[in-house]
Structure formats: structure tokens, C-alpha cells
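Protein chains in written order, with the working numbering: chain A, 7 to 334; chain B, 8 to 278.
Taking it in order: structure first as C-alpha cells, then the write-up.
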Amino acid sequence: MRPILMKGHERPLTFLRYNRDGDLLFSCAKDHTPTLWYADNGERLGTYRGHNGAVWCCDISRDSSRLITGSADQTVKLWDVKSGKPYFTFKFGSPARSVDFAVGDKLAVITSDPFMERTSAIHVKRIAEDPEDQVADSVLVLQSPEGRMRINRAVWGPLNQTIVSGGEDAVIRIWDAETGKLLKESNEEDGHKKPITSLSKSADDSHFITGSLDKTAKLWDMRTLTLIKTYTSNVPVNAVSISPLLDHVVIGGGQDASAVTTTDHRAGKFEAKFYDKILQEEIGGVKGHFGPINALAFNPDGRSFSSGGEDGYVRLHHFDSDYFNIRI
Amino acid sequence: MAIDSMQRSENFRWGDMEEEDDLDFLLPGKQVIGPDENGVKKVIEYKFNDEGKKVKFTTTIRVEKRTLNKRAVERRSWDTFGDAADEKGAIGLTMRSTEEIHLERVRPPGSKAEEAKPSEDKPGSVLMVCRLCLKKGDHWTARCPQKDLLSSMDNPSTAETSTPTGPINDAYVPPGKRSGAERMRRNDENSVRVNNLSEDTREPDLRELFEPFGAVTRAYVAIDKTTNMSRGFGFVNFVSREDAQRAINKLDGYGYDNLILRVEWAPTRTS
Chain A
7 MRPILMKGHE RPLTFLRYNR DGDLLFSCAK DHTPTLWYAD NGERLGTYRG
57 HNGAVWCCDI SRDSSRLITG SADQTVKLWD VKSGKPYFTF KFGSPARSVD
107 FAVGDKLAVI TSDPFMERTS AIHVKRIAED PEDQVADSVL VLQSPEGRMR
157 INRAVWGPLN QTIVSGGEDA VIRIWDAETG KLLKESNEED GHKKPITSLS
207 KSADDSHFIT GSLDKTAKLW DMRTLTLIKT YTSNVPVNAV SISPLLDHVV
257 IGGGQDASAV TTTDHRAGKF EAKFYDKILQ EEIGGVKGHF GPINALAFNP
307 DGRSFSSGGE DGYVRLHHFD SDYFNIRI
Chain B
8 MAIDSMQRSE NFRWGDMEEE DDLDFLLPGK QVIGPDENGV KKVIEYKFND
58 EGKKVKFTTT IRVEKRTLNK RAVERRSWDT FGDAADEKGA IGLTMRSTEE
108 IHLERVRPPG SKAEEAKPSE DKPGSVLMVC RLCLKKGDHW TARCPQKDLL
158 SSMDNPSTAE TSTPTGPIND AYVPPGKRSG AERMRRNDEN SVRVNNLSED
208 TREPDLRELF EPFGAVTRAY VAIDKTTNMS RGFGFVNFVS REDAQRAINK
258 LDGYGYDNLI LRVEWAPTRT S
């Protein structure tokens with residue numbers, strides 16, 4: 007395959023997200039402007055100007071009309087996707103690390119980093135149907151037991167009943183989305199040994215995958231939090247994604263960005279690795295980035311995927327036909 | 008229009024023609040073939056070129072049907088916004104890679120995983136010490152997960168000093184110095200050198216070429232390490248000398264792939 011290279015960002019990529027129909031791709035980077043691309047040819051459709059810090063995460067409503075972005079400028083913004091104009095800003099006292107729309111797009115979960123005397127927290131906000139009615143109040147605030155540790159990702163569980171979070175203390179937690187009670191915690195034996203960097207759900211919300219700096223990615227049951235599979239890599243994992251079409255998972259990462267210049271370029275291993283979801287066996291790797299991979303996303307049709315790297319490039323790969331006939 | 012051209016062609020006389028006259032009515036009509044089951048459609052048209060010669064244009068079109076989301080189609084026509092609204096800024100942002108990137112398989116497809124399982128129930132796993140990360144009983148040096156990182160940082164002097172501490176049978180011995188190397192020496196006898204091979208010739212081709220003369224034990228084509236191209240010569244070993252001689256007699260001067268082969272006895276290797 008000949009990937010499409012998109013160089014719209016001047017700084018490392020942080021997050022990639024496709025819309026539900028798979029025709030739009032949103033990219034977030036440490037420069038301040040999230041960017042919208044056509045997912046088939048990689049042409050830039052627009053940028054969202056307004057943030058004043060690195061943008062860590064974004065999510066898109068199911069009808070592709072609204073975008074939510076979380077940024078290190080201590081705000082979360084709601085945008086009109088088509089015009090590129092922000093219509094509401096949530097203010098936090100600390101950087102917002104992750105955002106996720108609930109099923110139905112009526113709620114959003116936002117995580118904020120520990121900062122100064124603040125501890126990390128998970129906020130649930132109501133998203134109004136009409137932009138005019140939007141209010142800043144939180145429906146629920148979960149003060150994390152992780153305290154001074156960052157929560158890197160929080161997503162909604164099935165039917166919006168739970169919130170699943172993972173962060174620097176390497177523990178995955180499932181919270182009750184109504185009461186805010188802690189329901190489940192990953193135990194020390196199964197869980198990750200080092201900070202969790204990424205968390206991604208399967209297409210049907212039945213399971214999810216976490217990637218960690220301990221060089222593994224783990225597949226978990228979304229309801230029971232039982233460990234299903236473990237995929238072992240040889241580099242820290244920064245990004246994970248589950249194929250919606252085949253039984254594949256793709257994990258990306260690489261040597262820590264600060265160590266890249268100190269070693270031979272081959273030591274970096276900046277490739278997106280494909281694993282068989284069930285056999286836990288590595289299928290192969292897709293090379294190309296010259297920095298660690300920070301973000302991965304599968305197109306909802308499973309026929310293409312994109313990766314974003316520390317090098318500032320988004321690489322959009324449309325699979326060749328032989329990918330679909332891969333046998334282990 | 009059609010009637011008009013018909014009438015004109017009936018009472019058409021070359022003498023009446025004017026220079027700029029439109030001659031299109033003289034041409035056979037447009038012909039459309041297909042689309043066939045592969046969606047390939049052919050359109051054949053005839054036109055006059057600048058010199059007034061009749062030219063046949065065959066256009067092959069592949070017709071593809073795609074189902075598109077209605078809203079996705081609508082989004083296609085959206086105006087660009089933000090930084091993208093400025094057309095000039097978009098130049099060079101999106102490029103197609105000039106390099107073909109493959110999903111690089113860990114193992115060639117079809118082969119089974121037969122990696123040695125990590126040590127658990129091996130006897131002697133205590134002896135298993137990784138010289139790179141100094142972990143005991145987990146893996147051998149060759150399988151160290153931090154191999155690339157650590158070995159490239161290590162300077163050679165430390166690597167050398169640490170070597171003798173390892174078990175003796177761990178040290179690398181070149182194949183030629185191993186016991187029994189004499190036996191393993193490749194049978195150089197009945198070796199035939201083939202010169203002036205074309206660049207496309209590979210070992211299987213060579214084998215195919217020489218097999219009719221007798222059993223071939225080895226066919227080898229010299230490949231340039233850097234360019235990965237054939238260097239234009241190779242060696243073939245036969246089981247019997249007679250076969251080799253027959254092959255030389257027959258194939259020396261034989262035209263193969265537009266080149267004239269030169270086949271001779273390989274010079275014996277001086278040890």
C-alpha cells in the first residue's frame with residue numbers, strides 16, 4: 007500500500023478519530039489546532055482555531071455535527087464541525103486530557119489532570135441538544151483515587167452505565183456513571199505494570215484494549231473487567247486500536263521520544279504492529295514514521311487505518327486486498 | 008442534425024469542399040462496447056487530427072459502483088474553513104508516499120511458530136544469563152528484548168571483557184574453525200563456472216538450464232550485496248564429472264536470454 011502522508015501539524019500528534027461514517031478524520035496535535043481531513047484522499051477540509059495549548063483528545067458526535075476537544079489550555083471546547091467555530095467552552099483549573107461522547111451524545115466524560123493543588127478528576131457534562139442551552143455545570147465529578155496521578159483516558163461503558171478509566175497508576179477502574187461509585191479495579195496480577203497510555207473500545211463496546219509503557223497491550227471485558235488477552239511488544243505502547251472488521255488489533259509506540267536521538271534509528275521500532283486478536287500472535291508491522299507513534303485509529307469500515315506520530319505526520323493507509331486474506 | 012449530415016454525404020463532391028469545412032460527417036459514429044462483467048467500458052471515437060488525418064480514439068473506462076453515505080456525500084461539498092480556507096496553504100500538505108509500504112510479516116506466511124518457549128521448565132535455566140540486561144533465567148542474550156537498545160549503546164571494550172565470563176560454549180566460533188569443519192567443506196569438485204548471465208537469471212533458472220545434463224548439487228548466482236542485482240556469473244556443481252563436461256561442451260556459447268553464455272571449469276579454490 008502507498009500511504010497518504012498528511013503534514014498539517016507542526017508538532018507531535020496526540021490523537022486521531024474517525025467519524026461514524028468513516029469519511030472524516032480528525033487529528034489532534036500539540037500545536038493548537040485540531041484538523042479535519044477527508045478520510046479517503048487525505049485532503050484537508052478545515053482547522054479548528056481557538057485553543058491556546060496542546061490538544062490532547064477529541065470526539066465526534068454520531069451525526070458528525072459536533073466536535074468536542076480537550077486541551078492543555080485548561081478548556082474543553084464544543085465546535086460546530088461544518089463551520090469550524092467553537093460554540094461553547096468548559097473551563098477547568100487544569101489541563102483536560104481526554105474527552106468522550108456518550109451513546110446518544112447527551113453526555114460527555116472529561117478527565118482533568120492534576121495541577122497545582124488540584125488532583126485528577128473525571129467530569130461528566132450534559133451536552134445540550136441546542137447549543138444555546140449549553141451550561142457549564144457538571145452532572146457528576148469523580149475525584150480520582152489516583153490523586154496526583156494523571157488519568158490518561160476515560161470512556162463510556164456499554165449503555166452509558168459505566169465509565170472506564172486508565173492512567174498513570176496503571177490501574178483500570180470501572181465507575182458507576184450514575185452514582186460515581188467505584189465498581190471494579192484491575193488487580194495487580196493481571197493489570198499493567200507501568201502507566202496506561204491509551205484505551206480504545208471495540209466496535210460493539212463489549213471489550214476494550216489498553217496500551218501501556220510496560221510494553222504490553224491488554225484486552226479486557228468491558229463489563230466484568232476480566233483480562234482476556236495480552237499482546238507483548240518490545241517497545242512502550244502509546245496507541246492501540248481494535249479492527250472493526252477482522253480479528254486484529256494494532257498497537258503502536260516506540261522508544262520514548264526523549265531517548266530517540268541517543269540511539270541508533272533502528273532501535274526506535276516506530277512501527278504499527280498488527281496482532282491476531284485471538285491468537286495473540288504478531289502478524290506484522292507497518293513502518294514509516296520516524297518518531298514514536300502516538301495515535302492510531304481504524305476506519306469504521308476496517309479497510310483503512312491512520313497513524314499519527316511524534317514526527318508530526320498523519321499516515322493514512324488503505325489496506326491492499328491481500329491484507330484481508332492474511333493467514334497466520 | 009443526422010438528416011443534415013446524411014444529405015450532405017449523398018451529394019458530396021470533393022470539389023465543393025472548402026478548406027475549413029467540417030468533415031466530421033465522414034467519420035464513423037461513436038461506438039460504445041460494454042460495460043462487461045468487470046465494469047470495463049470501451050468507447051471508440053474517430054476524429055481528424057491537425058493534419059486532417061483520421062484518428063481512432065479508443066477510451067477504456069472502468070465503471071465502478073459504490074454505495075456512499077448520503078450525508079458523507081453532502082459533506083464532500085462542504086467549504087473549507089480555518090487555515091484550510093486559504094488554498095495556498097494547502098499545497099504540499101497531503102502527499103502520497105512514493106514508497107510502497109508493506110505489512111511486513113514477522114514470519115513468512117504459512118510457516119509455523121516454533122520459537123523456543125521461554126525457559127520455564129528447561130533444566131539449566133539458571134545458567135541462562137543475559138549479558139545485555141543481566142537478567143537471570145529469563146532469556147539468552149540473543150533473545151534479549153532490549154538487544155537493539157543496549158547493544159548499540161555498549162562500547163566494544165565492555166562487550167569484550169564480558170565475553171570470557173560467559174560459558175565457553177557460548178562464544179561464537181566461525182564455521183570454518185569448528186571441529187569437523189573439514190567434512191562440512193562444500194564439495195568443490197565438478198564445479199562449473201557460468202559467465203555472462205543476464206541480470207534476471209536466478210538460481211532456479213540456472214538449475215533448470217543445467218539439470219538436463221545430470222544431477223546438480225548446487226546452483227549459485229553471485230548477487231551484489233548492495234544493489235541486489237546479479238553480478239552476471241554463477242556456479243553449478245554436478246555430481247559426476249562427465250555430466251559437467253557434457254554441460255560445458257553443450258552450453259559454452261549457448262544463447263540464453265539474449266546473451267551468449269560462457270561455461271568453463273571453475274578454477275580450483277586455493278585454500
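Built from N, CA and C at the ideal position, the CB exists for glycine as well.
All values reported here derive from a predicted model rather than from experimental measurement.
### Given residue 21 (chain A) as reference, the closest of A:166, A:220, A:245, A:121 once Cα atoms are compared
Your numbering for residue 21 (chain A) matches position 15 in the first sequence. The option with the nearest alpha carbon to residue 21 (chain A) is A:245.
### Query
Span of the beta strand (DSSP E) holding residue 311 (chain A)?
Locating residue 311 (chain A) in the first sequence gives position 305, where the first residue counts as 1. 310–315 is the extent of the beta strand (DSSP E) around residue 311 (chain A).
### Query
What are the uninterrupted segments assigned as beta strand (DSSP E) that are 3 or more residues long and contained completely in the stretch 44–75 of chain B, given in chain order?
Those beta strand (DSSP E) runs which fall completely within the stretch 44–75 of chain B and span 3+ residues are 47–55, 61–69.
#### Entry: Near-chain B residues of the stretch 234–262 of chain A - C-beta to any C-beta below 8 Å
240, 261
#### Entry: the stretch 73–98 of chain B: positions lying closer than 7 Å to chain A by Cβ
76, 78, 79, 82, 85, 87, 88, 89, 90, 91, 97
#### Entry: Proximity test, residue 167 (chain A) beta-carbon vs the ligand GTP heavy atom, cut-off 7 Å
What this structure holds is no ligand at all, so the ligand GTP is not there to describe.
### Query
In angstroms, rounded to a whole number, what distance separates the CA positions of residue 255 (chain A) and residue 159 (chain A)?
For this step, residue 255 (chain A) is matched to residue 249 along the first sequence. For this step, residue 159 (chain A) is matched to residue 153 along the first sequence. For residue 255 (chain A) and residue 159 (chain A), the distance between alpha carbons rounds to 18 Å.
### Task
Mind checking which residues open and close the beta strand (DSSP E) that includes residue 179 (chain A)?
Counting from 1 along the first sequence, the entry for residue 179 (chain A) is found at position 173. Note, residue 179 (chain A): beta strand (DSSP E), 178–182.
### Message
Tell me the rounded alpha-carbon separation between residue 17 (chain A) and residue 82 (chain B).
### Response
Working through the first sequence from its first residue, we reach residue 17 (chain A) at position 11. Working through the second sequence from its first residue, we reach residue 82 (chain B) at position 75. Looking at the two C-alpha atoms, the distance is approximately 27 Å.
### Task
Please list the partners that residue 107 (chain B) has in chain A, where partner means a Cβ-to-Cβ separation under 7 Å.
Locating residue 107 (chain B) in the second sequence gives position 100, where the first residue counts as 1. Within chain A, the residues 8 have their CB atoms less than 7 Å from the CB of residue 107 (chain B), given in chain order.
### Query
Does any residue of chain A bring its CB to less than 8 Å from the CB of residue 173 (chain B)?
Taking the second sequence and counting its residues from 1, the one referred to as residue 173 (chain B) is at position 166. Residue placement at residue 173 (chain B) is flagged as unreliable, the pLDDT there being 41, under the threshold of 50; the coordinate-derived value follows with that caveat. With 8 Å as the cut-off, residue 173 (chain B) does not count as an interface residue toward chain A.
### Task
May I ask which residues mark the beginning and end of the alpha helix (DSSP H) holding residue 217 (chain B)?
Within the second sequence, numbered from 1, the residue matching residue 217 (chain B) stands at position 210. Residue 217 (chain B) -> alpha helix (DSSP H) spans 210–217.
### Task
Measure the Cβ-Cβ separation of residue 101 (chain B) and residue 299 (chain A) and say whether it is below 8 Å.
Here residue 101 (chain B) refers to the residue found at position 94 when the second sequence is read from its first residue. Here residue 299 (chain A) refers to the residue found at position 293 when the first sequence is read from its first residue. Contact: no.
### Proximity winner among A:23, A:102, A:91, A:316, relative to residue 79 (chain A) (alpha-carbon distances)
The residue you call residue 79 (chain A) lines up with position 73 of the first sequence. Among A:23, A:102, A:91, A:316, the Cα nearest to that of residue 79 (chain A) is on A:102.
### Query
If we cut at 8 Å on Cβ distances, does residue 58 (chain B) have a partner in chain A?
The residue you call residue 58 (chain B) lines up with position 51 of the second sequence. Residue contact with chain A for residue 58 (chain B): absent (no Cβ-Cβ distance below 8 Å to any residue of chain A).
#### Entry: CB contact flag (residue 223 (chain A), residue 215 (chain A), <8 Å)
In the first sequence, residue 223 (chain A) corresponds to position 217, counting from 1. In the first sequence, residue 215 (chain A) corresponds to position 209, counting from 1. Cβ distance < 8 Å, so residue 223 (chain A) and residue 215 (chain A) count as in contact.
### Query
Sorted by chain position, which residues of the same chain lie with C-beta nearer than 6 Å to residue 99 (chain A)'s C-beta, five sequence neighbours on each side aside?
Here residue 99 (chain A) refers to the residue found at position 93 of the first sequence. Same-chain partners within the cutoff: 124.
### Message
Does chain B have any CB closer than 8 Å to the CB of residue 23 (chain A)?
### Response
Locating residue 23 (chain A) in the first sequence gives position 17, counting from the first residue. With 8 Å as the cut-off, residue 23 (chain A) does not count as an interface residue toward chain B.
### Query
When we look at the beta-carbon of residue 88 (chain B) and count the other beta-carbons within 10 Å, is it buried (16 or more) or exposed?
Numbered from its first residue, the second sequence carries residue 88 (chain B) at position 81. Classification for residue 88 (chain B): buried.
### Message
So, with DSSP's three-state summary, where would you put residue 166 (chain B)?
### Response
Locating residue 166 (chain B) in the second sequence gives position 159, where the first residue counts as 1. Note that residue 166 (chain B) has pLDDT 40, beneath the 50 cutoff, so the model's placement of it is unreliable and no number is given.
### Message
Only counting the same chain, and skipping five residues up and downstream in sequence, which positions put a Cβ closer than 6 Å to that of residue 49 (chain B)?
### Response
Within the second sequence, the letter at position 42 stands for residue 49 (chain B). Excluding residues within five positions, the ones whose Cβ falls inside 6 Å are 40, 41, 67.
#### Entry: Per-residue contacts from residue 48 (chain A) into chain C (C-beta, under 7 Å)
In summary, chain C is missing from the structure at hand, where the protein chains are A and B.
#### Entry: residue 269 (chain B) versus residue 259 (chain B) - alpha carbon distance
Indexing the second sequence from 1 puts residue 269 (chain B) at position 262. Indexing the second sequence from 1 puts residue 259 (chain B) at position 252. Computed Cα separation, rounded: 5 Å.
#### Entry: Sequence ranges, beta strand (DSSP E) only - wholly within the stretch 160–236 of chain A, length at least 3
168–173, 178–182, 188–191, 202–207, 213–218, 222–227
### Message
Just checking: is the beta-carbon of residue 280 (chain B) within a distance shorter than 8 Å of some beta-carbon in chain A?
### Response
The structure shown has nothing for residue 280 (chain B), since chain B only spans 8 to 278.
### Message
I'd like to know whether the C-beta atoms of residue 335 (chain A) and residue 118 (chain A) end up nearer to each other than 8 Å.
### Response
No answer is possible for residue 335 (chain A): the residues shown for chain A start at 7 and end at 334.
### Task
Tell me, please, which residues DSSP counts as bridged to residue 35 (chain A).
For the purposes of this step, residue 35 (chain A) is taken as residue 29 along the first sequence, with counting starting at 1. Answer by DSSP bridge pairing, in chain order: A:19.
### Query
So what does DSSP say about residue 268 (chain A), is it helix, strand or coil?
As a working mapping, residue 268 (chain A) is identified with position 262 in the first sequence. Residue state, collapsed to three classes: helix.
### Message
In the DSSP output, what is residue 38 (chain B) paired with across the bridge?
### Response
Counting from one through the second sequence, the residue named residue 38 (chain B) turns up at place 31. BP columns for residue 38 (chain B) point to B:51.
### Message
With a threshold of 8 Å, are at least 3 pairs of Cβ atoms found where one atom belongs to the stretch 289–304 of chain A and the other to the stretch 224–236 of chain A?
### Response
no
#### Entry: Residue from A:196, A:199, A:179, A:147 whose Cα sits closest to the Cα of residue 185 (chain A)
Within the first sequence, the letter at position 179 stands for residue 185 (chain A). The shortest Cα separation from residue 185 (chain A) among A:196, A:199, A:179, A:147 belongs to A:147.
### Query
What residues are listed by DSSP as bridge partners for residue 223 (chain B)?
As a position in the second sequence, residue 223 (chain B) is number 216, starting the count at 1. Paired residue(s): B:245.
### Query
Residue range of the alpha helix (DSSP H) that residue 80 (chain B) falls in?
Within the second sequence, residue 80 (chain B) is the residue found at index 73, counting from 1. First-last of the alpha helix (DSSP H) with residue 80 (chain B): 77–83.
### Query
So the beta strand (DSSP E) residue 26 (chain A) belongs to, where does it begin and stop?
Sequence index remark: in the first sequence, residue 26 (chain A) carries index 20 (1-based). It is not in any beta strand (DSSP E) - residue 26 (chain A) carries neither H nor E in the DSSP assignment.
### Query
Can a CB atom of chain A be found closer than 8 Å to the CB of residue 237 (chain B)?
Taking the second sequence and counting its residues from 1, one reaches residue 237 (chain B) at position 230. No, its Cβ sits nowhere closer than 8 Å to a Cβ of chain A.
### For residue 236 (chain B): DSSP bridge partner residues
Working through the second sequence from its first residue, we reach residue 236 (chain B) at position 229. According to DSSP, residue 236 (chain B) bridges with nothing at all.
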